[in-house]
Amino acid sequence: MIPINRPILGLEEEELVLKVLRSGQLTNASMAGGHMVKRFERSLAEYLGCKDVVVVSSGTAALQIALMALNVGLGDEVLVPSFTFTATANSVLAVGATPVFVDIDEYYTMDVEDARKKITKRTKAIMPVHLYGHVAEMRAIRELAKEYSLIVIEDAAQALGSKYEGRPVGLLGEAGCFSFHPSKIITTGEGGAISTNDEELARLARMIRNHGMVKGYDTCRLGLNFRMSEIHAAIGVAQMIKLEDFLKKRRENARRLRELLDGIDGIKLPEERPNTVYNWYLFTIASPKREKMRKELEKAGIGARIYYETPVHMLPLFKGKVRLPMTERMAKEVLSLPVHPMVNEEDLERTALAVRTTLKP
Ligand SMILES: Cc1ncc(COP(=O)(O)O)c(C=O)c1O
């Protein structure tokens, strides 16, 4: 079975992890972090072209830290899409704030007009998600944020390598948050990062990841243990060397799959929003025949997956009265197909054939 995504690890990761194990320095509780953490941070900052990156224990932690560092908390509302992984909304709850769910547009990202309608006196931040690597309409989101003095935190967990008007995502607001879970573009096992051009924000994020300490045990503000270990960071350093190749292969696979699926009636194919570049983390199609299609793909050995069958506003934890028509419709129709770097021409042909078979009249 071709999985929807998988970590791609090799000798480079093994060598760097071994180096850490042999050094005996498995983690480092100084504010700046250990040698591998610093190397990984430099490499990410260089790739993104930003002043600073702070690596942490997960993408969820990155979101929570960004909110904490930007003083979002009790009594505040944060605009989030519901069509996302629950971590986006959970991180808002974790700081005592309230997630306010916003519908999506045709690219599966935040509908800016619906976001505008949901602004209240309590709205403090807006958290667009670049779902599937599709880039949210950041110009309009930034304008809205400026009009209402809102903080913008990008949930770029799925979007390392995606670009908006030539600029990498993660730098289009106050902070960007990435995930390095094994299903993501690059992995560290578990891990995350906060990208920013704001030096003070980076300093606060470093404090929060380490119990609010600056020097020794001098806790100056609330923080927790959100550190990334040296072992995880070592994997990240090796993965960064391969990032451009991973992205190139994903793009080639997505282009080829699009070619193979072209002209089929009854499905919505993924489109790159004008002035954006997708990292092709997922190649997501939509069809009312999604369930039949998923079964046909499974028979063909293709691990197509549904992200996300239950939108966050309909999960038991969040169940409320809000209705989000586009989100609820797309949750019934979307299906993501594998285009990761290990997918080959034969896999893509099998994928396209299974999709065509489902839709045959
Ligand atoms: C959109 C989104 N936000 C946040 C996260 C949280 O990242 P992590 O699993 O590294 O905590 C994920 C990860 O799956 C995600 O897909």
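Numbering (this note's numbering), first residue to last: 213 to 573.
Beta carbons are placed, not taken as given, at the ideal position from N, Cα and C, and that holds for glycine.
Which one or two residues does DSSP pair with residue i in a beta bridge?
i, result
"P311", "V290"
"N437", "N422"
"G404", "V268, S391"
"M322", "I316"
"K480", "A498"
"S548", "T496, R517"
"R379", "Y376"
"A337", "V290, I363"
"I214", "I514"
"V489", "K375"
With respect to the beta strand (DSSP E) encompassing residue i, which residues constitute its N-terminal and C-terminal limits?
i, result
"I420", "I420 -> not in any beta strand (DSSP E); alpha helix (DSSP H) instead, spanning 411–420."
"K365", "One point to set straight first is that residue 365 is Ile, not Lys, in the sequence displayed. Here the beta strand (DSSP E) through I365 covers 363–367."
Rounded to whole angstroms, what is the Cα-Cα separation between residue i and residue j?
i, j, result
"E484", "M248", "35 Å"
"I476", "F530", "37 Å"
"N491", "L372", "7 Å"
"A327", "G424", "33 Å"
"E355", "A309", "23 Å"
"M505", "T570", "5 Å"
"K375", "G532", "34 Å"
"P550", "N556", "10 Å"
"N193", "F295", "Since the displayed the chain opens at 213 and closes at 573, residue 193 lies outside it and no answer follows."
"T399", "R379", "22 Å"
"P482", "L472", "13 Å"
"D317", "I479", "17 Å"
Compute the minimum distance between the beta carbon of residue i and the heavy atoms of ligand 1, and state whether it is under 6 Å.
i, result
"H393", "yes"
"F297", "yes"
"S269", "no"
"T300", "yes"
"Q370", "yes"
"V546", "no"
"T496", "no"
"G404", "yes"
Under 7 Å between the Cβ atoms of residue i and residue j?
i, j, result
"V292", "V307", "no"
"T300", "V347", "no"
"K330", "V304", "no"
"G403", "H444", "yes"
"A369", "G271", "yes"
"V324", "A357", "no"
"A278", "I420", "no"
"K336", "D264", "no"
"G345", "Y493", "yes"
"E386", "V364", "yes"
"M243", "R418", "yes"
"F495", "P553", "no"
From which residue to which residue does the alpha helix (DSSP H) around residue i run?
i, result
"S303", "299–306"
"F252", "247–260"
"N283", "That residue, N283, is in no alpha helix (DSSP H); it is neither H nor E in DSSP."
"K427", "No alpha helix (DSSP H) contains K427, which DSSP labels as neither H nor E."
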